[in-house]
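Numbering of the sequence shown is given in the working numbering, commencing with residue -13 and proceeding in unit increments.
The structure appears below as structure tokens.
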Amino acid sequence: MKTTRLVPVVLVVASTLMSLLTNPSGAIGQSACGCTQQDKLDVESRIKQVKGAIQELDALVKEWEAREKAAGEPFDLDPDSKNVVADTLTFKMAGVADPNARRFGADTDRKCQVHISPGATPCLRGALEDHEAVHRTACEAARDQRPIYDIVGAINWRLKQRVVDYMKEEKAGYQKELERLTKELDQQKKNCKTVTKLDPSMQRQMKGAMAQQERLQSASNRLTKYGQSLN
């Protein structure tokens, strides 16, 4: 009977240890997306990338508006101009990113469905979702304006979009991303009293704690069944 009471207590201890290992700053940092050094590095690096993208888009909008003024007509988006924008942003963002930071992709397809890299961390996923929400809204607006969207427009609704408007949409997405990332970084600074990374020994302790928790839970289940059989 004493063993039956002891197992749940040990389970609580193991669970607490797991919490401390996965969130080194303890309960104080629970409102932050992550308190490891890697999490902080990821957010800071992405902020640099996003700011670089916004700066580059401002320059591109100014350049293309000047082209339109000289031509006396707007320029519609096509695969070539879209690739120019993408390549320019990729080059700019790669130049300011921290080489040790993790990066994840996201996109909104022609059917207005958002896709986020499965491995995106909590500190970056929200920002990517906020960015893609801007594209999803634009896609849905285009779909609603065209009844035959699913038959024809889904091929590529952006071919009817002005290049400058596409750039402004991208900028709006990055601005939303920047807002979320800034909040995430502020929460880290406020709530993560100690920013740490899991070294190999800590990782071994965490794995050991997980294995111990599973063994104790299994033992608890067996004891519970045994107690029920005696009733």
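Just so you know, even glycine gets a beta-carbon here, dropped at the ideal spot from N, CA and C.
Computed from a predicted model, the values in this text were never measured in an experiment.
Residue i vs residue j beta-carbon contact at 9 Å
i: E42; j: K78; result: yes
i: L164; j: I33; result: yes
i: N113; j: K162; result: The sequence given here places Ala at residue 113; Asn does not occur at that position. Cβ atoms of A113 and K162: closer than 9 Å.
i: T107; j: R88; result: yes
i: L63; j: Y152; result: yes
i: E118; j: T94; result: yes
i: L167; j: V29; result: yes
i: Q147; j: C19; result: no
i: E155; j: V120; result: yes
i: Y160; j: A39; result: yes
Three-state secondary structure assigned by DSSP to residue i
i: D84; result: coil
i: D64; result: coil
i: G12; result: For G12, the pLDDT reaches just 43, beneath the cut-off of 50, and the residue's location in the model is therefore unreliable, although a value from the coordinates is still provided. Reduced to three states, the DSSP call for G12 is helix.
i: A18; result: coil
i: G38; result: helix
i: R53; result: helix
i: R32; result: helix
i: M4; result: Here M4 scores only 42 on pLDDT, less than 50, and its place in the model should not be relied on; the value that follows carries that caveat. Three-state result, M4: helix.
i: N69; result: helix
Residues that DSSP places opposite residue i in a beta bridge
i: T74; result: According to DSSP, T74 bridges with nothing at all.
So within the region 93 to 181, which uninterrupted beta strand (DSSP E) runs reach at least 3 residues, ignoring any that extend past its ends?
As far as the region 93 to 181 is concerned, its whole beta strand (DSSP E) runs of at least 3 residues are 100 to 102.
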